[in-house]
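J.: Protein chains in written order, with the numbering used here: chain G, 1 to 589; chain U, 590 to 930.
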C-alpha cells in the first residue's frame with residue numbers, strides 16, 4: 001500500500017478543504033466543477049494520452065450519463081442510486097456501438113469521426129421529445145443517503161471527489177497491469193504488440209469504453225449536482241474543452257487530468273469574473289486571453305504541467321523487485337519434438353509489379369541456427385513478415401511442425417511458438433525495460449481489465465514480471481531493468497527485444513539484424529546466448545549483415561538476392577559459393 | 590437545377606482553396622490549421638472596412654504581433670546576438686508592419702481604388718499569418734500533433750475574440766471586384782463569380798508551379814517529407830513553416846475577399862467555412878491536392894442542393910455525409926505502422 005501513500009494524503013487534503021474556516025462557498029462550487037471535469041479528462045488521458053486515440057466526442061458520453069439518470073428519476077421515479085449503474089451501462093453500451101465503428105478509423109480520421117458523431121448526438125439530445133428538446137429536463141432529485149440530502153455544493157462535494165479518487169485508483173491499477181501494458185503499447189503502433197498476441201482492436205475498444213464510463217459517471221453526478229440538464233454542456237465545444245484539460249494537465253498522466261481540470265476551470269472562472277472589471281467588459285476579452293494563455297502554457301510545458309509538478313513532489317515511483325522464485329508455466333503446445341520445425345515452401349510476395357520474395361523455399365530444423373543473408377533489398381525482412389503473419393503471402397505455403405498455416409494473424413503465429421524481433425526497434429520508449437519485456441509474456445497471463453482494476457491480478461502479475469526479470473537477466477541487462485527503454489543505446493534496445501521475444505516461451509526465435517549496433521564484446525556475448533538457447537532446444541532464424549558473426553554462429557545459411565534464393569548450405573560452403581560472391585561483390589573479374 | 594450547380598461550384602472553389610492551404614500547412618508543419626477560418630474573416634472584413642473608409646484593427650494587430658515576434662527572435666538568439674541578424678529581424682518584424690500600418694492609416698480616408706484595398710488587406714493578413722507561426726507554433730515545432738492541434742484551437746479562440754473586438758458583432762459586405770455580368774443560356778455569370786473561378790484556377794496553377802519549380806517550393810516539400818533530413822541539407826525548417834503560414838494566410842484572406850461581396854460575413858463566419866475546407870482536406874487524406882479540390886467542389890454542390898431543399902439541415906447533411914467517407918477511406922488505407930510523436 002506504500003505506493004498509494006500520495007493518494008491517501010491527497011484524499012485527506014481534499015476531505016479537509018470544506019472544513020477550512022472562511023472557505024467561500026464559491027470555491028467549493030469551483031472544486032465540484034473541477035472534479036466533474038477531472039473524471040472526463042481522466043478517461044481522455046487513458047484514451048488519448050496513453051492509447052493515442054484522440055476523441056472530441058467525450059461530452060456526448062457525459063450527456064448519456066446525465067440524460068439516463070434524468071429520465072429515470074423524473075419520469076419513472078427511480079432512486080438516483082439505482083440509476084447510477086443504468087447511467088454507466090448506457091454510456092458503456094453507447095461506447096461499444098460507437099467504438100466498434102470509430103476505433104477502426106486510423107490516423108486523422110479518428111478525431112474527425114468523433115467530432116462528427118459528437119455533433120450528431122448533441123443534435124439528437126436537443127431534438128428528442130422525451131429528453132425535453134432544447135429545454136432539457138429539470139427537477140431532478142438530489143442524491144441522498146438516508147435522510148441526508150446532498151442539496152448544497154458542500155455535501156455533493158464529497159460524492160464527486162470520492163468518485164474522482166476511486167476512478168483515479170482504478171485507472172492507475174489498470175495501467176499497471178498486463179492489460180495496461182497492452183494499452184500503453186497502442187500509441188507506439190500495433191505491430192509489435194500484435195506480434196506477442198495482443199488483440200489491439202480489443203484493447204482500443206476497452207479504453208474507449210473505460211473513458212466513456214468515466215464520462216457517464218461525471219454526467220450522472222452532474223445531473224444530480226445541477227438538478228437539471230439541457231443539451232448545451234454536451235456539445236462539441238465542451239468536447240474540445242475536455243481535450244484541452246487533458247493536454248494542459250499532461251495527457252500521459254492520470255493526475256494530469258485532475259490538474260488540468262483545476263487549471264482550466266479556475267483560469268476560465270478568474271478570467272470571466274475579473275477581466276471585465278479590469279477592462280470594462282469589451283467584447284469577448286476573456287476568450288482572447290484564454291486562447292493566448294493556453295498557447296503560452298503549451299509552450300512552457302508541451303507535455304503538460306503534471307510532469308513538471310511531479311518532479312517537484314517528494315514521491316518517487318519505487319522500482320519493481322519481482323520475486324525470482326515465482327515460476328510461469330510454459331505454453332502448452334502440440335507438435336512433434338525434433339525434425340522439421342519451420343517449412344517455407346515456394347513463398348511468394350508481390351507488391352504490385354515488384355516481386356519482393358520469389359518462390360523461396362527453405363526449412364529450419366529443431367535445435368538449429370539458420371541465417372538468412374543477402375544484400376540490401378533481397379527480401380529478408382519481407383520473408384520474416386510472411387512467416388509472422390504481418391504480411392500475407394501471394395502464393396506458396398508456410399508450415400510449422402508439419403501444420404500448414406493459412407495466413408494466420410500475428411496473434412496466432414506467436415501461439416505456435418514463433419517469437420520475433422524487429423529490424424527497426426519497436427519498444428515503448430517511456431515504459432521501463434521490465435514492462436516492455438513483460439509484453440512478451442502477454443499470452444502467458446490471463447488477468448483481464450476488471451480484475452486488474454480491483455487488484456485481483458497480483459498473483460498472475462507477479463509471475464509475469466518474474467519471468468520478464470528472468471529473461472532480462474539472461475540477456476545480461478539486469479542493471480537496466482528499471483530504466484525507460486528509450487534511454488538505452490540502440491544495441492541494448494535490440495537485446496531488450498530479444499528478451500521480450502524469449503518471454504513468449506518460443507520454440508523458434510526470429511531475429512532481424514540482432515547484432516546491428518552492438519560492440520564486439522556484446523556480439524560475442526549474444527552469439528554465446530544464442531548457442532546456449534539452441535543447446536537448450538530452441539531454433540533460431542536470423543537475418544544479419546555481419547558476416548563474421550553469421551559465419552561463426554550459424555549451422556546453415558540461406559542466401560537471398562533480389563527475392564530469389566541463390567544458395568543454401570554450411571558457412572564453409574557459402575563462403576566459396578561463386579553465386580554468392582557474385583551477388584555481394586558483382587561479377588567476378 | 591443548373592443554377593444550384595453553379596452556386597455550388599462557386600462555393601466549392603473557395604473550399605478548394607482553403608482545403609489546399611490546410612493540406613499545405615499540415616504537410617509542412619503538422620499543424621491542423623483551425624485559425625484558417627479567421628484568416629478568411631480577417632481578409633474579408635479588413636477589405637470591407639478599408640472600402641468603407643474605416644481603419645481595420647487588424648493592421649494594428651499585425652504591428653503588435655510583429656513587435657512580439659521581434660522580442661521572441663531576440664530572446665531565442667540571446668546567446669549570439671549579431672548586428673545583421675538583429676537588423677534583419679527588426680526589418681521583417683517591426684519596420685515592415687510599421688510601414689503597412691502607416692500606409693493603411695494614410696490611405697484609409699482617401700478612398701483608394703479597390704485593387705489597393707485588396708492588396709493592403711492581403712499584406713496585413715499575410716503578416717498576421719507569418720507572425721502567428723513565429724509566436725505560437727515555431728516554439729512548439731517539436732511536439733506532437735495533438736499538442737499542435739490544441740495550440741491551434743487556442744489561436745482560433747484568441748483570433749475569433751479579437752475579430753469581434755475589431756469588427757463588432759455586425760456583419761459586413763464589401764464591394765464586388767468586377768461589376769460586369771455575362772449571360773450564357775439560362776445561366777448568368779456575374780463578374781464576381783468569374784473572378785472566383787479565375788483566381789482559384791490561377792492559384793492552383795501558381796501553387797503547382799511554386800512546388801514543382803522554385804527552390805523554396807522544393808524546400809517546403811522536403812520539410813514535409815522529412816524534417817530532420819531537410820535540416821541536415823541546410824533547409825531552415827522554421828522558414829518553411831513561415832512560408833507555409835504565409836501562403837495559407839494569403840489564400841484564406843483572398844477567399845474572404847472573394848466571398849464578402851456575395852455573402853455577408855460576420856466575425857465568426859470563417860470557422861464554418863474553414864471547417865468545410867477542412868473536410869475537403871480530410872477527404873483528400875491531408876496529402877492529395879487534386880482529391881482535395883474535387884472533394885471541395887462536391888461539398889459545395891451538396892451544400893447548394895441541401896440549402897435549397899432543406900435549409901435547416903444544411904450543416905447536418907454536410908457533416909453526416911462525412912462519416913461514410915471517413916470509413917471508406919480508413920478501410921481502404923493500408924495498415925501502415927504509425928510512428929507518432
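Using N, Cα and C, we set each Cβ at its ideal position, and we do this for glycine too.
Please compile the residues from chain U whose C-beta is within a distance smaller than 7 Å of the C-beta of residue 302 of chain G.
T.: 729, 732 and 736
J.: Note down, in chain order, each residue of its chain lying with its Cβ closer than 7 Å to the Cβ of residue 445 of chain G, except the 5 sequence neighbours on either side.
T.: 178, 460 and 464
J.: On the three-state DSSP scale, how would you describe residue 778 of chain U?
T.: strand
J.: Among G:480, G:405 and G:395, whose alpha-carbon lies nearest the alpha-carbon of residue 434 of chain G?
T.: G:480
J.: Within the region 811-877 of chain U, note down every full alpha helix (DSSP H) run reaching 4 residues or more, in order along the chain.
T.: 816-821, 826-848 and 858-872
J.: Can you list, in chain order, the residues of its chain whose CB lies under 6 Å from that of residue 835 of chain U, leaving out five sequence neighbours each side?
T.: Result list for residue 835 of chain U: 715, 718 and 719, in chain order.
J.: Label residue 4 of chain G either buried or exposed according to how many other C-beta atoms from any shown protein chain fall within 10 Å of its C-beta, with 16 as the threshold for buried.
T.: exposed
J.: DSSP beta-bridge partners for residue 365 of chain G?
T.: G:340
J.: Following the continuous alpha helix (DSSP H) through residue 395 of chain G, name the residue where it begins and the one where it ends.
T.: Going by DSSP, residue 395 of chain G is part of no alpha helix (DSSP H) but of the beta strand (DSSP E) stretching over 395-400.
J.: Please classify residue 150 of chain G: does DSSP put it in a helix, a strand, or coil?
T.: strand
J.: Might you give, ordered along the chain, the residues of its own chain that have their beta carbon closer than 7 Å to the beta carbon of residue 144 of chain G, omitting 5 neighbours on each side?
T.: 150
J.: Quick one: what does DSSP say residue 621 of chain U is sitting in, helix, strand or coil?
T.: coil
J.: To be precise: take each residue of the region 345-374 of chain G, compare its Cβ to all Cβ atoms of chain U, and keep it if any distance is under 9 Å. Which residues remain?
T.: none
J.: Please determine if the region 219-237 of chain G and the region 68-76 of chain G are in contact, where contact requires at least 3 C-beta pairs separated by less than 8 Å.
T.: Yes: at least three Cβ pairs fall under 8 Å.
J.: Taking only three categories from DSSP, how would you classify residue 355 of chain G?
T.: strand
J.: From residue 37 of chain G to residue 734 of chain U, what distance separates their C-alpha atoms?
T.: 23 Å
J.: Express the C-alpha separation of residue 596 of chain U and residue 883 of chain U in angstroms, rounding to a whole number.
T.: 15 Å
J.: For residue 746 of chain U, go through chain G and note every residue whose CB falls closer than 8 Å to its CB, in chain order.
T.: 287, 288, 290, 291 and 294
J.: Looking at the structure shown, is residue 137 of chain G part of a helix, part of a strand, or coil, going by DSSP?
T.: strand
J.: Are any of the Cβ atoms in chain U nearer than 9 Å to that of residue 575 of chain G?
T.: no
J.: Does residue 244 of chain G get closer than 9 Å to chain U when you measure Cβ to Cβ?
T.: yes
J.: Assuming residue 50 of chain G contacts residue 183 of chain G (C-beta within less than 8 Å), just tell me the rounded distance between them.
T.: 6 Å
J.: Would residue 628 of chain U be called buried (16 or more neighbouring beta carbons within 10 Å of its own) or exposed?
T.: buried
J.: Examine chain G for any beta-carbon lying closer than 9 Å to the beta-carbon of residue 749 of chain U, and answer yes or no.
T.: yes
J.: Span of the beta strand (DSSP E) holding residue 32 of chain G?
T.: No beta strand (DSSP E) contains residue 32 of chain G, which is instead part of the alpha helix (DSSP H) from 25-44.
J.: If contact is defined by three or more beta carbon pairs under 8 Å, each pair taking one atom from either stretch, is the region 840-850 of chain U in contact with the region 780-793 of chain U?
T.: yes
J.: What residue does the alpha helix (DSSP H) around residue 93 of chain G start on, and which one ends it?
T.: 80-102
J.: Name the DSSP bridge partner or partners of residue 360 of chain G?
T.: Note: residue 360 of chain G sits in a beta bridge opposite G:347.
J.: Considering only C-alpha positions, which residue in the set G:28, G:430 and G:472 is nearest to residue 253 of chain G?
T.: G:430
J.: Are the C-beta of residue 653 of chain U and some C-beta of chain G separated by less than 9 Å?
T.: No - not a single Cβ of chain G is within 9 Å of the one on residue 653 of chain U.
J.: Is it right to say residue 940 of chain U is buried, meaning 16 or more other beta carbons lie within 10 angstroms of its own, or is it exposed?
T.: What is shown of chain U runs 590 to 930, which leaves residue 940 of chain U out entirely.
J.: Counting Cβ pairs closer than 8 Å, one from the region 128-142 of chain G and one from the region 5-21 of chain G, do we hit at least three?
T.: no
J.: Which residue from G:33, G:530 and G:568 puts its Cα closest to that of residue 258 of chain G?
T.: G:33
J.: Which residues of chain U have a Cβ atom closer than 8 Å to the Cβ of residue 68 of chain G, listed in chain order?
T.: None at all; the shortest Cβ gap to chain U is about 24 Å.
J.: Please check if any C-beta of chain G sits within less than 9 Å of the C-beta of residue 603 of chain U.
T.: Interface with chain G (9 Å Cβ-Cβ cutoff): residue 603 of chain U is excluded.
J.: Return the chain-ordered list of same chain residues with a C-beta closer than 7 Å to the C-beta of residue 925 of chain U, the five sequence neighbours on each side being excluded.
T.: Its pLDDT being 43, under 50, residue 925 of chain U is placed unreliably by the model, and the measurement read from it follows with that caveat. Cβ neighbours of residue 925 of chain U beyond the five flanking positions: none.
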